[in-house]
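The structure appears below as structure tokens.
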Amino acid sequence: MNFNMEKNKNKIAILVGIYNAEKYIEEQLHSIMCQTNNDYTVYIRDDASQDNTLLIVSRFIENYDNIVLIKDDLGNLGCNGNYFHLLSMIDSDYYMFCNADDYWVDNKIELSMKEMEKAENEYPDLPIIIHTDLAITDQNLNIIYDSLWNYDNLDPKYIQSFNEIGVCNTVAGATMLFNKKVKDITFPVNQYAPFFDHWMALQTIKNGGIIIPIYKSLVYYRQIGTNLGLLNIGTKNTIKYKIRNIKEVYKTNKKQAIMLKRIGWGSTIKYLFYKFKIFSALRLRL
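What follows is the structure, given as structure tokens:
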């Protein structure tokens with residue numbers, strides 16, 4: 002972990018990784034600035050954008066004293082590396098991740114913090130992740146599905162074990178609020194670690210922490226073609242699609258099984274067992 006950390010003067014650090022985000026970053030930052038809870042600092046790291054993203058961000062920095070641009074000479078780290086690096090750089094009581102092309106409902110922080118405070122009163126010594134449902138929208142924020150969990154037949158409170166989260170992570174990074182104890186167990190990051198939200202959910206449960214869902218869609222998640230790789234939307238969520246594209250499904254699951262084995266989650270046979278268990282319970286549809 003990086004020990005030359007910047008201390009957040011506010012309660013919450015909102016970590017925004019950006020890359021060629023000129024089309025949507027202004028709308029997203031406006032949605033953050035309009036939150037009903039304003040006890041936060043926004044930390045932004047640009048991952049070597051080649052458009053006008055930084056110009057737009059600089060205008061916000063001029064107008065708001067709670068937006069900070071993190072500068073370094075590390076270049077392009079990729080999405081996962083960008084967020085892990087941001088997290089390592091900031092010392093804060095609580096953290097949230099933010100995608101540059103999403104949109105936050107105005108009480109997202111308020112409701113998440115209320116749930117966190119309730120959980121910490123009951124479990125003061127535990128790593129805690131609060132996460133919310135999200136709505137899928139088109140590029141203009143017109144809602145396509147008002148609840149990803151309902152659409153996908155998922156109820157996060159029934160997917161809580163280390164084994165279940167390994168094959169079916171319901172914690173989306175952009176919906177998370179987590180305490181410093183979660184950050185402490187996030188590092189060091191295994192070189193074969195999955196996407197940052199999946200890794201952190203696994204580490205939280207592995208270390209005796211808790212994950213609490215909020216059954217409200219407090220993030221609008223744009224379906225723009227570049228950010229839905231991990232979501233099963235539309236025809237890709239049907240058995241017919243999976244049968245017709247069996248080679249693609251096989252490659253995806255093989256890659257996932259190998260990754261989980263490398264980080265010490267378990268064997269391929271274990272992966273197949275829990276994958277079939279979750280799929281049978283939640284995903285069977287024609």
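Sequential numbering from 2 applies to the sequence shown in my numbering. C-beta atoms are modelled at their ideal positions from N, C-alpha and C, and glycine is treated no differently. Since the model is a prediction, treat every value here as computed from it, not as a measurement.
Assigned secondary structure, residue i (DSSP; H/G/I helix, E/B strand, else coil)
i, result
"S281", "helix"
"Y251", "helix"
"K182", "helix"
"I15", "strand"
"F188", "coil"
"V106", "coil"
"C169", "coil"
"N77", "coil"
"K198", "Note that residue 198 is Asp in the sequence shown here, rather than Lys. D198: helix per DSSP, three-state reduction."
"T37", "coil"
"Y65", "coil"
"M117", "helix"
"L127", "coil"
"N292", "A query on residue 292 cannot be resolved here, the shown segment of the chain reaching from 2 to 287 and no further."
From the options, residue whose alpha carbon lies closest to that of residue i
i, options, result
"Q173", "N151, I131, D139", "It should be noted that the sequence gives Ala, not Gln, for residue 173. With distances taken between Cα atoms, A173 lies closest to I131."
"Q161", "D153, Y152, T171", "T171"
"L282", "C169, W105, T205", "Note on residue identity: the sequence assigns Ala, not Leu, to residue 282. It is C169."
"Q36", "N108, Y152, D156", "N108"
"D147", "G79, K24, V250, Y221", "Y221"
"N83", "N151, S50, S59, I57", "S50"
"N191", "N154, W266, P128", "W266"
Residues bridged to residue i [DSSP beta-bridge criterion]
i, result
"P214", "H132"
"N122", "Looking at the DSSP assignment, N122 forms no beta bridge with any residue, so it has no partner."
"K8", "D92"
"I45", "V17, L70"
"V220", "W105, L135"
Buried or exposed by the 16-neighbour rule on C-beta atoms within 10 Å, applied to residue i
i, result
"K10", "exposed"
"L219", "buried"
"I259", "exposed"
"R46", "buried"
"F197", "buried"
"D134", "buried"
"G210", "buried"
"R286", "Here the model assigns R286 a pLDDT of 46, short of 50, so the residue's position is not dependable, and the following value carries that caveat. Counting Cβ neighbours within 10 Å, R286 comes out exposed, since fewer than 16 surround it."
"T205", "buried"
"G167", "buried"
"T42", "buried"
Supposed contact pair residue j and residue i - C-beta distance, whole angstroms, cut 8 Å
i, j, result
"I19", "T54", "5 Å"
"I215", "E116", "6 Å"
"E23", "D52", "5 Å"
"K262", "T269", "7 Å"
beta-carbon residue i near the ligand ADP non-hydrogen atom, thresh 8 Å
i, result
"I144", "With respect to the ligand ADP, the structure offers nothing, as it holds no ligand at all."
Residue i at chain B interface by Cβ criterion, 9 Å
i, result
"V69", "Although the question refers to chain B, the structure presented lacks it and comprises just one protein chain."
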